[in-house]
Amino acid sequence: MAAQAALNLAARIPGIVGSYRADVTWLERNFIPNLDDLAGLLKHPIVLDIDDAIWLYSPFGESIIKRLVRRADMVFAGNSFIADWCSNYCKAVQIIPTAIDCDRFKPRMEARSRTAPFVVGWTGTSGNFRFLKMIEPALAKFLAANSDARLLVVADQKPCLASLPQSQLVFKPWQAETEHLVLHEMDVGVMPIDDSDISRGKCSFKMLQYMAAGLPVIVSPYGMNQQVLAEGKIGFRAVTIDDWFDALNLCLICRKDLPIMGSRGRNAVIVKYSVEVVAKSIVNGFGKVC
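To convert, take the position in the sequence shown, counting from 1, and add 161; that gives the working numbering.
Quick look at the structure:
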């Protein structure tokens, strides 16, 4: 264990040395573990990039993140919840949302046929299957009532959703090369989360990907999800199991109108969350500390 810790520390040395050749040191989450003991060696100005409530997670921890935020000259926070927390320890905090490549994530060339199976899509990691299981009763009821509907799950492994008709559960392994294309097989994207600080720290990344691909969304209205929903008529909020079932059913009934809703969502992403827009905000942030 001690040897591994030493190796982890040694792996940080090139980055620390490299900071002295740069105008600004930009720290992101993958560099943070095992950095705490060496953080004082980093060249200022330091910009700390936080896109999750990492102070609630191991191997980070609240005390470590507090110290790093205090050392930073500026914090790029992925959403307002993260920004509010960081503002207690750093005076210069700027909200920089996760950027979406709208040239890669874009609608399919032709609208999905209304005679094709209606596909509800969820994409994520197996670590977040607990959120999908939260709405399993609604999905089971919806699929049982609509034999031509499907749930498409894109993840690193197949979920165990025993109450669902298994013939209507489609699993596709996540692949970086095709993650944008698989969204074209969906009619609506779902992002259930719970009402917790960990969820409020999420930056609605999957929701924004769905929207960029021209999909309407059904999401839990917590944290940044609620802020994105406020962009306009781009989808539906759902809290209870009945809410989820009703939203799914409404999407099926109004299937012909979904592309209009999806187009609004894509426009919202282009205006506020596209790579081009976020890049300008990052440059602006660097300009404040350099």
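We put the beta carbon where it would ideally sit given N, CA and C, even for glycine.
From a predicted model like this one, the values you see are computed outputs, not experimental measurements.
Span of the alpha helix (DSSP H), counted from its first residue to its last, around residue i
i    : result
G350 : Careful: G350 lies outside any alpha helix (DSSP H), inside the beta strand (DSSP E) at V349 to M352.
R141 : The requested residue 141 is not part of the displayed model; the chain covers only 162 to 451.
D213 : Looking at the DSSP string, D213 is not in any alpha helix (DSSP H), and its letter there is neither H nor E.
K441 : V436 to V450
Host beta strand (DSSP E) of residue i (start-end)
i    : result
T298 : Before going further, note that residue 298 is Pro rather than Thr in the sequence given. Looking at the DSSP string, P298 is not in any beta strand (DSSP E); the run it does join, the alpha helix (DSSP H), is E297 to A306.
L409 : Here L409 belongs to no beta strand (DSSP E); instead the alpha helix (DSSP H) covers I402 to I414.
L105 : For residue 105 there is no data in the structure shown, the boundaries of the chain being 162 and 451.
With 16 other Cβ atoms within 10 Å as the buried cut-off, status of residue i
i    : result
N249 : exposed
C451 : exposed
A238 : buried
M275 : As written in the sequence, residue 275 is Arg, which differs from the Met given in the question. By the neighbour-count rule (16 or more Cβ atoms within 10 Å), R275 is not buried but exposed.
C-beta contact flag for residue i and residue j at 8 Å
i    : j    : result
F266 : A373 : yes
R427 : G350 : no
L313 : E346 : yes
A253 : V236 : yes
I395 : P377 : yes
V400 : L390 : no
Y434 : L369 : yes
Cα-Cα separation, residue i to residue j
i    : j    : result
R231 : D355 : 30 Å
M352 : Y383 : 11 Å
G393 : V430 : 12 Å
D184 : I226 : 23 Å
N240 : E223 : 18 Å
W283 : F303 : 15 Å
L330 : N307 : 13 Å
V432 : S287 : 31 Å
Cβ-heavy atom distance, residue i to the ligand SAM, below 7 Å
i    : result
V430 : Absent from the structure shown: the ligand SAM. Ligands present: none.
Every unbroken beta strand (DSSP E) inside the segment 321-398 [3 residues or more]: Within the segment 321-398, the complete beta strand (DSSP E) runs of at least 3 residues are 330-334, 349-352, 378-380 and 396-398.
Start-end ranges of the beta strand (DSSP E) lying completely within the segment 233-319, minimum 3 residues: Entirely contained in the segment 233-319, the beta strand (DSSP E) runs reaching 3 residues are, in chain order, 235-238, 254-256, 279-284 and 310-316.
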